[in-house]
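Protein chains in written order, with my numbering: chain L, 6 to 552; chain P, 353 to 618. Where is the CB? At the ideal position from N, CA and C, for every residue including glycine. Notes follow once the structure below has been shown.
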C-alpha cells in the first residue's frame, strides 16, 4: 500500500449478487462499513438482509461480486478463517456443552502467535500455540462478567431463559475478540421489555469494545435506536443507506417511508420548484430539482400534521375528521381531505365529522420520485395483435408486425387483480400493498419470472396471497424498442459518507476496475505470445515433416 | 322420555389402548410369568433351585454365553462403523430419505429366506462357513436397524449448530468431532440397542451360516426347549433378559445427555 485510504473501511461489498434457483435474493448490493460503526441492515422478511449477513459471515458464497475485508478479498474464504463472529437468530448454543464450554469453544480452537525461532537454515519461523487452560478460564470468566452471568458457567444451556441464552450467545461470539460482530435478528425471540434492555446493553457494549457491529433486523424502531448507519433493503435491493435521522426525515422513496414508521403517502404532481400539487391543492414546499409536472409521492409524518380551526388563515386545506383513537400519549386522528386519507397525531381529540383545517410546514412535506410511473416490459410481438408478457401471449391492439421488439406499457390502473389464481392469464403473488390516501398501491411478483407489476387497487390485498392478473387488450400500449438502448444501473449512494469519502470510495472502485482490466491485458498479451509460439512450433514441425 | 346413560359405551382415549393391553397380557406378561415359574420347577413340577445350579455349573453354557456376547459386540461395532458414514452422507443429501428406504426394503423378505440365500451364495463362491460368515450374516441382517435411528438423529441436527462451530473457527473435521458426533449420541445409543439386543438372542442365523459349528446362546435356549429341558431353558431366558435389561440401562444413562439436547431445542 503506498498510502492509507481516506476511508478506513473494514468491510466493503462490491456489486454482490446472490441467486437461488434463478431468483435474486440479493441484487447488486454495494456498500462500505467503516471500522467501529454500528450498521443495521433493515427490511421486511425476504428482503435479502439475512442473506447479505450470511455472505459476510461466509456461510453463503456470492453468485457474483466481491466482499473485501480490511482490503483483502475474502469472497471465497471459508467461515472458520474469517475474523468475524456471529450471534445467531436462535442463538445456536451447543446443547451438549455447558455455558462455560460453549463460550470456550472458539478459544480452545484458536492458535495464537508465540514468538519466533531461527531454524538451522537461518530462516525465522513464526511459532504458534494454543491458549492454556488458565488463559481460557480467565477470558471466559471475563466474558461472563461482561454479560452479567458470572455464576452461570456450569449451568446447562437448556436451563437458561431466553434472555440469558442470548447473553451467552453474545459472550461466545465476543470472547474471540472478532473485528466484526454479526448479529442476525438476535432480539427477535425476546419479549418487549427484555428487548429494550438488551438494545441498550448492546449499544453500551458497542461503545465499550469499539468493534464493528453489523446488525440485521426487521424492526425499524430497533434499527433507528441503535445504529450509526441504516441500510434499508427490499426485494434484494438496497433502497437507502443513511443515518437513522436521515432515513426517518428524508426517506428515499415511498417504500422506505412506509416501512419506517407510520406516515401518509399521497400521490401528487410537482408543478415547479417549491410548488407541489396534491389533494387538488397547490402547496408550498422546499424541494427543488424535479421535472415540471413530474408525478411524485408526498410523504407526511403524522406528528407533522397540525390540526387547526377550519377558518384559520395558515391552513393549507380543510378536512373532515373520520376517526380518533386514543393511543396512550396522543390521539391518532384520521382525516379525509378531498377523498384522501391523512393520519395525524394530536394531544387533543376531535368530534367525528368535524370540519378542521390542516397545516404542514413546507419543510415537513417530503417529496420523492416515484419508483415507477408505469409498468414497462421489454417484449416481442408474437403474432397479429398479440404480445408476450411474462411468458404468456396477451391480446392487444397494435400495428407492429410479428417479431418486432417492443416496449409494453401498462398503466397502474389497468391491471385487474382477480382473487382466483386460475382465472386470470398470469399467476402472481402479492408482495405489498401500500395505502396512498385513497387507493392501495399493490406490488405483485409474477410466478416464474422476476418481473414485478405495480397496480392501483381499491382493496387492500394480503401480502403473500396468490392471485391472477388480467389486462384488457385496449389498455396494452406497445412502443417500438431500440435494441441497442443501454440499461443504466443506479447505485444507491451511501448518504453517511462525506463528499470526499464518497469520491475516495469511487476512486478505489475505479482503480480496482482498472487493475482488473490491466490484469486482463497482461493475460491477453501472454495468450497472444503463447499462440504465436505455438504457431511457430507448428510451422517448424510442418517444415520438418515436409522436409 | 327416558334418559339413557351411554356412559359405559363412551369412546374415551383409554378405550383405544385396551386391545394393546390385552395383547401385552397374553403374549408378553403371561409368557414371562411362565418362564419365571418354570425356572423354579423340576421335571416333576416340584419347587427347586437345581436348574440354577445346572446352568451355572456347566462351563459349556458360560462359554456359549460369552461367545454370544462377543458376536453381539463385534456385530454392533461393525454395524456402527459401516452405518455411521452412510447415515451421515445420506443426512446431507436431499434424496437421503428415499435411499434410506432402499436400505429397509430388503427387510420385507423373510430373514430366514435371506439367510438361506446368503448361505447359498457363500457355498457357491466357496467360502468356508464359520464365525466369519455368521458375523457377516448378522451385520447384513441388522445394519438397517443401525442406519435408521442414526439417520433420524443426524438429519434432525439443526444446521445452525454446524454453522456456529464453523463461525467459531472450527474446520470441517473439528466441526464433526465437536458438534455432529456429540449431537448424534442419541442415535448411536438407540442404534446400538437395536442391533446388540437382537444379535445376542438370535439363533437361526448362527446355525444356518455355520452349519451348526458356531453355537450361540439363542441356539442353546432353543435346544433346551426342544429337548424338553424347560427348567434350564427358562433360566437361560432369564439370564438373557437380564443382559438385555442391563444393556438397555447402560444405553439409557448414556442417552440422558442426548435427551437434553432435544429438549433444549424448544
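- At least 8 Å separates the CB of residue 543 of chain P from every CB of chain L.
- For the pair residue 464 of chain L and residue 444 of chain L, the Cα-to-Cα distance works out to about 8 Å.
- An exposed status is given to residue 357 of chain L, since fewer than 16 other beta-carbon atoms sit within 10 Å of its beta-carbon.
- Excluding residues up to 5 positions away in sequence, 71 lie with their Cβ nearer than 7 Å to the Cβ of residue 78 of chain L in the same chain.
- Straight across, the Cα-Cα distance linking residue 527 of chain L with residue 520 of chain L is about 11 Å.
- Taking C-alpha positions only, residue 441 of chain L is separated from residue 427 of chain L by approximately 29 Å.
- Look at the region 473-544 of chain P and you find these whole runs of alpha helix (DSSP H), each 4 residues long or longer: 483-507, 511-519 and 524-527.
- What residue 91 of chain L touches in chain P, judged by beta-carbon distance under 8 Å, is 515, 516 and 519, going in chain order.
- At least one C-beta of chain P is nearer than 8 Å to the C-beta of residue 114 of chain L.
- Under the 8 Å Cβ criterion, the region 574-581 of chain P does not count as touching the region 453-461 of chain P, having fewer than three qualifying pairs.
- Residues of chain P whose Cβ lies closer than 7 Å to the Cβ of residue 85 of chain L are, in chain order, 518, 521, 522 and 523.
- Burial check for residue 48 of chain L: the Cβ neighbour count within 10 Å reaches 16 or more, so the residue is buried.
- Annotation: Cβ neighbours of residue 62 of chain L in chain P (cutoff 7 Å, chain order): 519.
- Under a criterion of Cβ atoms nearer than 7 Å, the residues of chain P adjacent to residue 95 of chain L are, in order, 512.
- Beta-bridge partners of residue 360 of chain L (DSSP): L:325.
- Around residue 181 of chain L, the beta-carbon contacts reaching into chain P at under 8 Å are 520 and 521.
- Pairwise C-beta distances place the region 459-479 of chain P in contact with the region 490-498 of chain P, as three or more of them are shorter than 8 Å.
- At a C-beta separation below 9 Å, residue 535 of chain P has these neighbours in chain L: 99, 100 and 101.
- In chain order, 112 and 180 place their CB closer than 7 Å to the CB of residue 144 of chain L, counting only its own chain and leaving out the 5 sequence neighbours on each side.
- Residue-level contact check: residue 133 of chain L does not touch chain P, since none of the beta carbons of chain P fall below 8 Å from its beta carbon.
- Within the region 87-167 of chain L, complete beta strand (DSSP E) segments of at least 3 residues are found at 89-92, 116-123 and 129-135, given in chain order.
- Judged by DSSP secondary structure, residue 462 of chain L falls within the beta strand (DSSP E) whose first and last residues are 457-462.
- In this structure residue 436 of chain L does not touch residue 473 of chain L by the C-beta definition: roughly 15 Å separates them, more than the 8 Å allowed.
- One thing to note: residue 481 of chain P has its Cβ no nearer than 8 Å to the Cβ of residue 432 of chain P.
- Per DSSP, reduced to three states, the secondary structure at residue 373 of chain L is strand.
- Non-local beta-carbon contacts of residue 200 of chain L in its own chain, meaning distances under 7 Å to residues more than five positions away in sequence, involve 192 in chain order.
- If only complete runs of 3 or more residues are kept, the region 375-458 of chain L shows the beta strand (DSSP E) at 380-388, 391-394, 397-400, 410-415, 420-423, 431-440 and 445-451, in order along the chain.
- DSSP lists L:413 as the bridge partner or partners of residue 483 of chain L.
- Apart from the 5 residues on each side of it in sequence, residue 526 of chain P sits with its Cβ closer than 8 Å to the Cβ of 517 in its chain, given in chain order.
- Put simply, the CB of residue 111 of chain L is near chain P, with a gap under 8 Å to one of its CB atoms.
- Partner residues in the beta bridge of residue 345 of chain L, as assigned by DSSP, are L:342.
- Going by beta carbons, residue 367 of chain L and residue 284 of chain L fall outside the 8 Å limit.
- The beta-carbon of residue 504 of chain P is placed no less than 8 Å from the nearest beta-carbon of chain L.
- Residue 400 of chain P has a beta carbon lying at 8 Å or more from every beta carbon in chain L.
- Counting only the Cα atoms, residue 421 of chain L lies some 51 Å from residue 76 of chain L.
- Around the beta carbon of residue 538 of chain P, 16 or more other beta carbons lie within 10 angstroms, which makes this residue buried.
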